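Peer 1: One structure is given below, represented as structure tokens, and several questions about it will come after.
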Amino acid sequence: MSTKWEVKEDKDGIRIRGSVDILVDPKRVPEDAYDLDFVVLTSRSDEKVLEKVLEASEATLITPSAVKRTIRKRYIVDTVEGIKGLSDDVWVIAKDGKLAIFLYTEEGPVAIADDFPEEMLEKASDYVYGEKLREVLKKGNIGGRVF
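First residue of the sequence shown: 1, per full-length UniProt numbering; consecutive thereafter.
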């Protein structure tokens with residue numbers, strides 16, 4: 001299964017739109033927060049902004065590390081250890097409190113990751129998809145892309 005993905009980095013954070021709608025490392029509440037399926041933290045985030053995004057969206061929070069108890073009690077939180085599928089064509093991998101996102105595209109898997117060795121990402125891509133990783137996107141260098 002392969003989906004067309006739009007990946008865009010802007011003032012809200014990193015937005016991924018395709019079979020699911022994901023906001024990565026939110027910086028503020030997007031106008032269309034109600035469309036979000038997942039809010040993903042790849043590392044620590046501003047918890048006040050995070051709570052506002054979760055309240056506006058009712059999305060599931062995906063995180064590699066523990067969050068405040070008040071957040072865990074009020075919202076759906078999935079703390080990931082290892083590899084976890086979010087949908088047929090979106091997977092995450094967590095290690096040492098950091099998280100990488102994998103999107104399956106027609107041309108092959110794409111990872112969005114900072115602070116992960118490329119060898120580890122290649123192995124995860126082969127394990128999950130049985131395919132070589134097509135590309136690794138890093139925060140600050142994404143802009144707007146369509147896959």
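Note that CB positions come from ideal geometry on N, CA and C, so glycine has one too. A quick note: this is a predicted structure, and the numbers were derived from the prediction, not measured.
#1: Once DSSP output is grouped into helix, strand and coil, what is the label at A94?
#2: Pick out whichever of G18, T42, D37, D12 has its Cα sitting closest to the Cα of P30.
#3: Secondary structure at Y75, three-state DSSP: helix, strand or coil?
#4: Once DSSP output is grouped into helix, strand and coil, what is the label at V80?
#5: Can you tell me whether DSSP reads E118 as helix, strand or coil?
#6: Is there at least one Cβ from chain C nearer than 8 Å to S87's Cβ?
#7: May I have the straight-line CA-CA distance separating K4 from T105, to the nearest angstrom?
#8: Taking the continuous beta strand (DSSP E) assigned at V110, which residues delimit it?
#9: Output the boundary residues of the alpha helix (DSSP H) element that contains V49.
#10: Of the residues D89, D25, A56, which one's Cα is nearest the Cα of P64?
#11: Strictly by DSSP, which residues pair up with K8?
#12: Hey, out of F116, F102, A124, L133, whose CA is closest to I16's CA?
#13: So which of E131, G82, E107, D88 has the shortest CA-CA distance to D96?
Peer 2: Answer, in terms of the structure:
#1: Of the three classes helix, strand and coil, the one that applies to A94 here is strand, per DSSP.
#2: When only C-alpha atoms are compared, the closest one is D12.
#3: In this structure, Y75 counts as coil in the three-state DSSP scheme.
#4: Three-state result, V80: coil.
#5: Helix.
#6: Absent here is chain C; the protein component of the structure consists of one chain.
#7: Roughly 7 Å separates the two Cα atoms.
#8: Residues 108-112.
#9: Looking at the DSSP string, the run of the alpha helix (DSSP H) that includes V49 is 47-57.
#10: That would be D25, whose Cα lies nearest to the Cα of P64.
#11: When beta bridges are read from the DSSP output, K8 appears opposite R15, G144.
#12: Among F116, F102, A124, L133, the Cα nearest to that of I16 is on F102.
#13: Comparing Cα positions, the closest option is G82.
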